[in-house]
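Position one of the sequence shown corresponds to residue 1 (UniProt numbering), numbered consecutively onward.
Reading through the structure tokens given below for one structure.
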Amino acid sequence: MRSTADRIRHAISFEVLALLIVTPMGAWLFDKPLHEIGVVTIVSASIATGWNYLYNLGFDHALRRLRGTVRKTVPIRVLHAVTFEIGLLFVLMPFIAWYLSISLMEAFLIDVSFALFYLIYAFVFNWVYDVLFPVPEPARPS
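Structure (structure tokens):
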């Protein structure tokens, strides 16, 4: 299992890199002022950071209980990314609608667009993170 410090490094690096990509891209795609999309992305990232920590902790515990290891196959990585984004979608959509003064349908479309970006981003980021910072294997009994 990962340490608390490693999980915090993971969550923060995930969100900071994503913000640097998604904020200007979102402002351009949705024809909204950069500062408005910036607030949406920063608030969303703050919520997502907490969700990321809790979700990954729970997912790893479940994975270890069900499979005996936290190593992820490609199908498990896909499941991990999809279920993370679905949970986050339900939390963020009302905030986006309220802050941008748009309908829930418009907020849904923006949120789904961000979720699609994050779905791909999460898959790639987590894979690269696991390669750069592998989970230490427990010592084998002698």
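Beta carbons are placed, not taken as given, at the ideal position from N, Cα and C, and that holds for glycine.
Please confirm whether any heavy atom of the ligand ZN lies closer than 7 angstroms to the CB of residue i.
| i | result |
| --- | --- |
| V74 | Among the components of this structure there are no ligands whatsoever, and the ligand ZN is therefore not found. |
Starting from the C-beta of residue i, find all residues in its chain whose C-beta is less than 6 angstroms away, skip the five residues before and the five after it, and write them out in chain order.
| i | result |
| --- | --- |
| S44 | L92 |
| N52 | A11 |
| P138 | none |
| L109 | none |
So, is residue i buried or exposed, given that buried needs 16 or more other C-beta atoms within 10 angstroms?
| i | result |
| --- | --- |
| V124 | exposed |
| R2 | buried |
| E85 | buried |
| D31 | exposed |
| A107 | buried |
| F90 | exposed |
| L132 | exposed |
| L104 | exposed |
| L66 | exposed |
| I37 | buried |
| I8 | exposed |
| L88 | buried |
Hey, quick one: how far does the alpha helix (DSSP H) through residue i stretch, first residue to last?
| i | result |
| --- | --- |
| W125 | The amino acid at residue 125 is misidentified as Trp; the sequence shows Phe. Segment 104-132, the alpha helix (DSSP H) holding F125. |
| M1 | From DSSP, M1 is part of no alpha helix (DSSP H); its letter is neither H nor E. |
| T69 | T69 -> no alpha helix (DSSP H), and no H or E assigned at all. |
Would you mind giving the Cβ-Cβ distance between residue i and residue j, rounded to the nearest angstrom? I have them listed as a contact below 8 angstroms.
| i | j | result |
| --- | --- | --- |
| Y129 | H35 | At roughly 30 angstroms, the Cβ-Cβ gap does not stay under 8 angstroms, so Y129 and H35 are not in contact. |
| A48 | Y121 | The Cβ separation is near 11 angstroms, so there is no contact. |
| L116 | V82 | Contact flag wrong, Cβ pair sits at about 11 angstroms. |
| H80 | K72 | 7 angstroms |
| G26 | T41 | 6 angstroms |
| F114 | V22 | 6 angstroms |
Excluding the 5 residues flanking residue i on each side, which residues of the same chain have their C-beta closer than 8 angstroms to its C-beta?
| i | result |
| --- | --- |
| R64 | M1, V70 |
| V135 | M1, R2, V70, R71 |
| R77 | F123, N126, W127 |
| P33 | A27 |
Which same chain residues, not among the five before or five after residue i, have their C-beta less than 7 angstroms away from its C-beta?
| i | result |
| --- | --- |
| I96 | V40, A107, I110, D111 |
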